[in-house]
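What follows is a single structure, written as C-alpha coordinates, with notes after it.
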Amino acid sequence: MRKRTRVIVWAALVAGGALLFTACVFFLACAGLFFLFEIPVTLAFGWVYYLQRIVPQLNPDAASVVSAVVCLVAVTVGAHVFFRWLYAATQSEPEPQAHWPAKRTIQFVTLVIVMFVAGIAATGLVHQAGWLIRSKEPFVDSNFSNEYRVRDHLEKIGETSNSYRSKHAQLPQSRFDTTGRPMHSWQTAILPHMYNKNIHAQIDFTKPWNDPANAAPMSEQVYVFLNPAHSEDKVNGLGVSHFAGSVHVVLGNGPKTLDSFPAGASNTIFAGEVSSHFRAWGDPLNARDPRLRQNAHPQSFGGPDGKPAQFLMLDGSVRTFKPVEFATIADIPLEPK
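Okay, here's the thing in C-alpha coordinates:
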(Lines of atoms letter the chains of each structure in order from A and count residues from 1; the text may use other names and numbers.)
(Lines give C-alpha, C1' and ligand atoms only; values in the text may rest on other atoms or scores of the structure.)
Protein backbone atom coordinates (compact mmCIF):
# COMPACT_ATOMS: atom_id res chain seq x y z
CA MET A 1 0.00 0.00 0.00
CA ARG A 2 2.82 2.38 0.89
CA LYS A 3 4.62 1.54 -2.35
CA ARG A 4 1.50 2.31 -4.37
CA THR A 5 1.08 5.60 -2.52
CA ARG A 6 4.68 6.59 -3.26
CA VAL A 7 4.15 5.82 -6.95
CA ILE A 8 1.02 7.98 -7.05
CA VAL A 9 2.81 10.83 -5.24
CA TRP A 10 5.77 10.68 -7.65
CA ALA A 11 3.44 10.57 -10.67
CA ALA A 12 1.56 13.61 -9.34
CA LEU A 13 4.82 15.49 -8.76
CA VAL A 14 6.09 14.71 -12.26
CA ALA A 15 2.77 15.70 -13.85
CA GLY A 16 2.63 18.89 -11.78
CA GLY A 17 6.21 19.75 -12.66
CA ALA A 18 5.52 19.21 -16.36
CA LEU A 19 2.44 21.43 -16.23
CA LEU A 20 4.32 24.12 -14.31
CA PHE A 21 7.20 23.98 -16.80
CA THR A 22 4.79 24.26 -19.76
CA ALA A 23 2.98 27.17 -18.12
CA CYS A 24 6.28 29.00 -17.48
CA VAL A 25 7.42 28.54 -21.08
CA PHE A 26 4.05 29.75 -22.38
CA PHE A 27 4.13 32.79 -20.06
CA LEU A 28 7.68 33.71 -21.11
CA ALA A 29 6.76 33.39 -24.78
CA CYS A 30 3.65 35.58 -24.37
CA ALA A 31 5.59 38.16 -22.35
CA GLY A 32 8.37 38.37 -24.93
CA LEU A 33 10.83 36.95 -22.38
CA PHE A 34 11.40 33.62 -24.09
CA PHE A 35 15.14 34.32 -24.10
CA LEU A 36 15.13 33.55 -20.35
CA PHE A 37 14.23 29.99 -21.32
CA GLU A 38 16.58 29.95 -24.30
CA ILE A 39 19.66 30.76 -22.19
CA PRO A 40 19.73 27.55 -20.08
CA VAL A 41 18.64 25.45 -23.07
CA THR A 42 21.43 26.92 -25.19
CA LEU A 43 23.98 26.34 -22.43
CA ALA A 44 22.87 22.72 -22.08
CA PHE A 45 22.34 21.80 -25.74
CA GLY A 46 24.07 24.53 -27.73
CA TRP A 47 26.88 22.13 -28.56
CA VAL A 48 24.42 20.05 -30.60
CA TYR A 49 23.57 23.05 -32.80
CA TYR A 50 27.30 23.84 -33.02
CA LEU A 51 28.06 20.35 -34.31
CA GLN A 52 25.19 20.53 -36.81
CA ARG A 53 26.61 23.80 -38.12
CA ILE A 54 30.32 22.89 -38.09
CA VAL A 55 30.46 19.20 -39.02
CA PRO A 56 29.08 19.70 -42.58
CA GLN A 57 31.82 22.31 -43.15
CA LEU A 58 34.63 19.95 -42.17
CA ASN A 59 36.77 18.60 -44.97
CA PRO A 60 39.22 16.18 -43.33
CA ASP A 61 42.27 15.06 -45.25
CA ALA A 62 42.25 11.27 -45.72
CA ALA A 63 46.02 11.00 -45.25
CA SER A 64 45.85 12.92 -41.97
CA VAL A 65 43.01 10.75 -40.66
CA VAL A 66 44.88 7.53 -41.55
CA SER A 67 48.06 8.91 -39.98
CA ALA A 68 46.21 9.77 -36.74
CA VAL A 69 44.61 6.32 -36.55
CA VAL A 70 47.96 4.59 -37.17
CA CYS A 71 49.65 6.71 -34.49
CA LEU A 72 46.85 5.98 -31.99
CA VAL A 73 47.10 2.24 -32.63
CA ALA A 74 50.90 2.37 -32.36
CA VAL A 75 50.74 4.27 -29.05
CA THR A 76 48.15 1.82 -27.66
CA VAL A 77 50.17 -1.26 -28.68
CA GLY A 78 53.41 0.28 -27.39
CA ALA A 79 51.79 1.24 -24.09
CA HIS A 80 50.38 -2.26 -23.69
CA VAL A 81 53.78 -3.89 -24.30
CA PHE A 82 55.43 -1.51 -21.82
CA PHE A 83 52.80 -2.07 -19.11
CA ARG A 84 53.00 -5.84 -19.52
CA TRP A 85 56.78 -5.69 -19.04
CA LEU A 86 56.49 -3.30 -16.09
CA TYR A 87 53.75 -5.39 -14.43
CA ALA A 88 55.77 -8.58 -14.79
CA ALA A 89 58.97 -6.91 -13.58
CA THR A 90 57.33 -5.58 -10.41
CA GLN A 91 55.85 -8.91 -9.33
CA SER A 92 57.78 -10.33 -6.34
CA GLU A 93 56.63 -13.85 -7.15
CA PRO A 94 55.83 -14.16 -10.84
CA GLU A 95 52.76 -16.26 -11.56
CA PRO A 96 52.43 -18.11 -14.86
CA GLN A 97 48.87 -16.83 -15.41
CA ALA A 98 49.54 -13.22 -14.29
CA HIS A 99 49.58 -10.65 -17.06
CA TRP A 100 48.60 -7.05 -17.72
CA PRO A 101 45.10 -7.01 -19.29
CA ALA A 102 44.54 -5.14 -22.58
CA LYS A 103 41.38 -3.59 -21.06
CA ARG A 104 43.51 -1.56 -18.62
CA THR A 105 45.73 -0.28 -21.42
CA ILE A 106 42.70 0.88 -23.42
CA GLN A 107 41.29 2.58 -20.31
CA PHE A 108 44.63 4.32 -19.69
CA VAL A 109 44.93 5.55 -23.30
CA THR A 110 41.30 6.74 -23.25
CA LEU A 111 41.96 8.65 -20.01
CA VAL A 112 45.00 10.35 -21.54
CA ILE A 113 42.98 11.37 -24.62
CA VAL A 114 40.15 12.75 -22.46
CA MET A 115 42.65 14.69 -20.34
CA PHE A 116 44.26 16.08 -23.51
CA VAL A 117 40.88 17.19 -24.92
CA ALA A 118 39.86 18.66 -21.55
CA GLY A 119 43.14 20.59 -21.40
CA ILE A 120 42.55 22.07 -24.85
CA ALA A 121 38.96 22.98 -23.89
CA ALA A 122 40.13 24.63 -20.65
CA THR A 123 42.79 26.60 -22.54
CA GLY A 124 40.18 27.76 -25.04
CA LEU A 125 37.81 28.72 -22.23
CA VAL A 126 40.45 30.83 -20.50
CA HIS A 127 41.44 32.44 -23.80
CA GLN A 128 37.84 33.31 -24.71
CA ALA A 129 37.10 34.60 -21.20
CA GLY A 130 40.15 36.85 -21.37
CA TRP A 131 39.10 38.09 -24.81
CA LEU A 132 35.57 38.89 -23.56
CA ILE A 133 36.93 40.79 -20.56
CA ARG A 134 39.27 42.91 -22.70
CA SER A 135 36.87 43.36 -25.62
CA LYS A 136 35.17 46.74 -26.08
CA GLU A 137 32.39 45.17 -28.15
CA PRO A 138 28.93 44.51 -26.63
CA PHE A 139 28.75 41.31 -24.64
CA VAL A 140 25.41 40.32 -26.22
CA ASP A 141 25.20 40.09 -30.01
CA SER A 142 21.69 41.16 -30.93
CA ASN A 143 22.25 40.02 -34.51
CA PHE A 144 22.78 36.44 -33.32
CA SER A 145 19.58 36.65 -31.28
CA ASN A 146 17.70 37.96 -34.32
CA GLU A 147 19.07 35.18 -36.52
CA TYR A 148 17.99 32.61 -33.97
CA ARG A 149 14.48 34.09 -33.81
CA VAL A 150 14.23 34.25 -37.61
CA ARG A 151 15.17 30.59 -37.78
CA ASP A 152 12.54 29.81 -35.16
CA HIS A 153 9.87 31.77 -37.07
CA LEU A 154 10.69 30.04 -40.35
CA GLU A 155 10.54 26.65 -38.64
CA LYS A 156 7.09 27.52 -37.26
CA ILE A 157 5.95 28.56 -40.76
CA GLY A 158 7.25 25.22 -41.99
CA GLU A 159 5.40 23.31 -39.25
CA THR A 160 2.10 25.06 -39.94
CA SER A 161 2.53 24.61 -43.70
CA ASN A 162 3.08 20.90 -43.11
CA SER A 163 -0.13 20.78 -41.04
CA TYR A 164 -1.95 22.51 -43.90
CA ARG A 165 -0.52 20.00 -46.38
CA SER A 166 -1.55 17.07 -44.21
CA LYS A 167 -5.13 18.36 -43.98
CA HIS A 168 -5.62 19.52 -47.58
CA ALA A 169 -3.25 17.14 -49.43
CA GLN A 170 -1.57 20.10 -51.14
CA LEU A 171 0.85 22.92 -50.38
CA PRO A 172 -0.43 26.34 -49.23
CA GLN A 173 -0.76 28.70 -52.19
CA SER A 174 -2.11 32.16 -52.89
CA ARG A 175 -5.62 32.23 -54.31
CA PHE A 176 -6.90 34.12 -57.36
CA ASP A 177 -10.41 34.30 -58.80
CA THR A 178 -11.36 33.25 -62.32
CA THR A 179 -10.48 36.70 -63.69
CA GLY A 180 -7.00 36.58 -62.17
CA ARG A 181 -7.81 39.00 -59.34
CA PRO A 182 -5.68 38.33 -56.24
CA MET A 183 -7.88 37.04 -53.41
CA HIS A 184 -5.88 35.71 -50.45
CA SER A 185 -2.28 34.80 -49.66
CA TRP A 186 -0.54 31.55 -48.81
CA GLN A 187 0.22 33.02 -45.38
CA THR A 188 -3.48 33.59 -44.76
CA ALA A 189 -4.07 29.93 -45.62
CA ILE A 190 -1.83 28.68 -42.80
CA LEU A 191 -3.23 30.99 -40.10
CA PRO A 192 -5.68 28.38 -38.71
CA HIS A 193 -2.73 26.10 -37.97
CA MET A 194 -1.07 28.78 -35.84
CA TYR A 195 -2.37 30.53 -32.74
CA ASN A 196 -4.20 32.97 -34.99
CA LYS A 197 -7.49 31.24 -35.71
CA ASN A 198 -9.37 34.30 -34.52
CA ILE A 199 -7.81 36.44 -37.25
CA HIS A 200 -8.62 33.82 -39.88
CA ALA A 201 -12.22 33.62 -38.65
CA GLN A 202 -12.71 37.37 -39.19
CA ILE A 203 -11.70 37.27 -42.86
CA ASP A 204 -14.41 37.34 -45.51
CA PHE A 205 -13.02 34.98 -48.14
CA THR A 206 -15.71 35.93 -50.65
CA LYS A 207 -14.00 39.32 -50.93
CA PRO A 208 -10.38 40.18 -51.82
CA TRP A 209 -7.78 40.57 -49.12
CA ASN A 210 -7.63 44.37 -49.61
CA ASP A 211 -11.39 44.89 -49.55
CA PRO A 212 -12.51 47.34 -46.80
CA ALA A 213 -14.49 44.51 -45.21
CA ASN A 214 -11.18 42.74 -44.48
CA ALA A 215 -9.28 45.80 -43.26
CA ALA A 216 -9.56 44.94 -39.56
CA PRO A 217 -8.14 41.39 -39.63
CA MET A 218 -5.55 42.26 -42.29
CA SER A 219 -4.22 45.09 -40.11
CA GLU A 220 -3.33 42.65 -37.33
CA GLN A 221 0.31 41.75 -36.75
CA VAL A 222 1.27 38.09 -36.86
CA TYR A 223 4.37 37.64 -34.70
CA VAL A 224 5.68 34.63 -36.64
CA PHE A 225 5.74 36.69 -39.84
CA LEU A 226 8.03 39.33 -38.31
CA ASN A 227 11.82 39.67 -38.19
CA PRO A 228 13.04 41.51 -35.04
CA ALA A 229 15.82 43.11 -37.12
CA HIS A 230 13.26 45.25 -38.99
CA SER A 231 11.25 48.04 -37.39
CA GLU A 232 8.49 48.14 -40.01
CA ASP A 233 5.34 46.52 -38.66
CA LYS A 234 2.80 47.94 -41.11
CA VAL A 235 2.46 48.34 -44.89
CA ASN A 236 -0.18 50.93 -45.78
CA GLY A 237 -1.81 50.23 -42.44
CA LEU A 238 -1.79 46.45 -42.91
CA GLY A 239 0.21 43.83 -41.02
CA VAL A 240 3.61 43.37 -42.63
CA SER A 241 5.49 40.17 -43.43
CA HIS A 242 9.29 40.08 -43.37
CA PHE A 243 9.20 36.77 -45.23
CA ALA A 244 8.11 35.96 -48.75
CA GLY A 245 7.23 32.73 -50.49
CA SER A 246 8.94 31.35 -53.56
CA VAL A 247 7.01 32.14 -56.74
CA HIS A 248 7.62 28.56 -57.88
CA VAL A 249 5.72 27.17 -54.88
CA VAL A 250 3.07 29.62 -53.67
CA LEU A 251 2.01 31.01 -57.07
CA GLY A 252 0.82 29.26 -60.20
CA ASN A 253 -2.21 27.47 -61.55
CA GLY A 254 -3.52 24.34 -59.90
CA PRO A 255 -2.65 22.67 -56.61
CA LYS A 256 0.92 21.62 -55.91
CA THR A 257 2.33 18.79 -53.79
CA LEU A 258 5.84 17.73 -52.80
CA ASP A 259 5.90 15.50 -55.88
CA SER A 260 5.49 18.60 -58.07
CA PHE A 261 9.19 19.44 -57.54
CA PRO A 262 11.68 17.02 -59.15
CA ALA A 263 14.62 18.49 -57.18
CA GLY A 264 13.10 17.11 -53.99
CA ALA A 265 11.69 18.78 -50.88
CA SER A 266 15.14 19.29 -49.29
CA ASN A 267 16.39 21.17 -52.39
CA THR A 268 13.34 23.35 -53.07
CA ILE A 269 12.95 26.79 -51.47
CA PHE A 270 9.52 27.40 -49.97
CA ALA A 271 10.04 30.81 -48.32
CA GLY A 272 12.80 33.09 -47.08
CA GLU A 273 13.83 36.40 -45.54
CA VAL A 274 13.41 39.69 -47.36
CA SER A 275 15.05 42.97 -46.38
CA SER A 276 13.16 45.63 -48.37
CA HIS A 277 9.96 46.37 -50.27
CA PHE A 278 7.93 44.44 -47.73
CA ARG A 279 4.38 43.34 -48.48
CA ALA A 280 1.47 42.63 -46.17
CA TRP A 281 1.12 39.04 -45.01
CA GLY A 282 -2.36 39.01 -46.55
CA ASP A 283 -1.07 40.05 -49.99
CA PRO A 284 -1.36 37.11 -52.43
CA LEU A 285 1.61 38.54 -54.35
CA ASN A 286 3.97 38.27 -51.39
CA ALA A 287 6.33 36.00 -53.30
CA ARG A 288 9.77 36.36 -54.86
CA ASP A 289 11.87 34.55 -57.42
CA PRO A 290 15.05 32.93 -56.03
CA ARG A 291 16.66 33.34 -59.46
CA LEU A 292 17.02 37.06 -58.72
CA ARG A 293 19.83 36.06 -56.33
CA GLN A 294 20.20 37.41 -52.80
CA ASN A 295 20.37 41.15 -52.05
CA ALA A 296 20.87 41.84 -55.77
CA HIS A 297 17.45 43.25 -56.66
CA PRO A 298 14.70 45.17 -54.82
CA GLN A 299 12.47 42.11 -55.22
CA SER A 300 15.06 39.47 -54.33
CA PHE A 301 15.46 37.54 -51.11
CA GLY A 302 18.02 38.80 -48.61
CA GLY A 303 18.92 39.20 -44.98
CA PRO A 304 19.28 42.49 -43.06
CA ASP A 305 22.31 44.68 -43.83
CA GLY A 306 23.19 42.67 -46.92
CA LYS A 307 23.65 39.39 -45.04
CA PRO A 308 22.62 36.06 -46.58
CA ALA A 309 18.98 35.18 -46.07
CA GLN A 310 17.71 32.19 -44.17
CA PHE A 311 15.47 29.98 -46.27
CA LEU A 312 12.71 27.54 -45.40
CA MET A 313 12.88 24.44 -47.57
CA LEU A 314 9.89 22.30 -48.50
CA ASP A 315 11.05 19.57 -46.12
CA GLY A 316 10.80 22.01 -43.19
CA SER A 317 14.54 22.59 -42.75
CA VAL A 318 16.00 26.10 -42.49
CA ARG A 319 19.20 26.77 -44.39
CA THR A 320 21.59 29.49 -45.53
CA PHE A 321 23.61 29.19 -48.72
CA LYS A 322 26.93 30.23 -50.13
CA PRO A 323 26.61 31.99 -53.54
CA VAL A 324 27.59 28.97 -55.64
CA GLU A 325 25.37 26.62 -53.63
CA PHE A 326 22.46 29.07 -53.83
CA ALA A 327 22.91 29.33 -57.61
CA THR A 328 22.49 25.57 -57.85
CA ILE A 329 19.47 25.46 -55.54
CA ALA A 330 17.76 28.41 -57.24
CA ASP A 331 18.64 27.11 -60.73
CA ILE A 332 20.60 30.26 -61.55
CA PRO A 333 23.13 29.95 -64.41
CA LEU A 334 26.59 30.34 -62.88
CA GLU A 335 28.53 33.30 -64.15
CA PRO A 336 31.84 32.42 -65.88
CA LYS A 337 34.99 32.95 -63.84
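Quick note on numbering: the sequence shown equals residues 53 to 389 in this note's numbering. For each residue, glycine too, the CB sits at the ideal point set by N, CA and C. Keep in mind it's a predicted model, so treat the numbers as computed, not measured.
*If you drop the 5 nearest sequence neighbours on each side, which residues of the same chain put their C-beta closer than 7 Å to that of M270?*
W261, L290, G291, A332 and G334
*For the candidate residues L366, A141 and P224, whose alpha-carbon lies nearest to that of S318?*
L366
*Is there a Cβ from chain B that is less than 8 Å from the Cβ of A141?*
Absent here is chain B; the protein component of the structure consists of one chain.
_For V256, which residues in the same chain have their Cβ closer than 8 Å to its Cβ, ignoring the five residues on either side in sequence?_
The amino acid occupying residue 256 in the given sequence is Asp; Val does not appear at that position. Cβ within range, chain order: D263, A265 and N266.
*asked:* Just verifying my parser: in three-state terms, what is the DSSP assignment at V127?
replied: helix
*Quick one: what's got a C-beta closer than 6 Å to T128's C-beta in the same chain, skipping five residues either side?*
V161
_Contact between the stretch 310-324 and the stretch 362-381 is defined here as three or more beta-carbon pairs at a separation below 8 Å; is this criterion met?_
yes
*Cβ-Cβ separation, Q239 to N338 (assumed contact under 8 Å), whole Å*: 7 Å
*N- and C-terminal bounds of the alpha helix (DSSP H) containing G291*: G291 -> not in any alpha helix (DSSP H); beta strand (DSSP E) instead, spanning L290 to S293.
_Please tell me whether S213 and P336 are closer than 8 Å, where the distance is taken between their beta carbons._
no
*Examine the Cβ distances between the stretch 276-295 and the stretch 200-209 and report whether three or more of them are shorter than 8 Å.*
yes
*asked:* So for E387, helix, strand or coil by DSSP?
replied: Any reading at E387 needs caution, since the residue's pLDDT is 49, under 50, leaving its predicted position unreliable; the model's value is listed next. It is coil, neither helix nor strand.
*Based on the DSSP secondary-structure assignment, which residues constitute the bridge partners of A70?*
Looking at the DSSP assignment, A70 forms no beta bridge with any residue, so it has no partner.
*Does the beta-carbon distance from P350 to S298 come in below 8 Å?*
no
*Determine, using beta carbons only, whether P360 and F373 come nearer to each other than 8 Å.*
yes
*Give me the Cα-Cα distance between A141 and S116, rounded to the nearest whole angstrom.*
37 Å
*Is it right to say I416 is buried, meaning 16 or more other beta carbons lie within 10 angstroms of its own, or is it exposed?*
As shown, the chain starts at 53 and ends at 389. That puts residue 416 outside it, with no answer to give.
*Which ranges would you report for the alpha helix (DSSP H) in the stretch 150-224 if only whole runs of at least 4 residues count?*
154-186 and 194-220
*E325 lies in the beta strand (DSSP E); which residues open and close that run?*
I321 to E325
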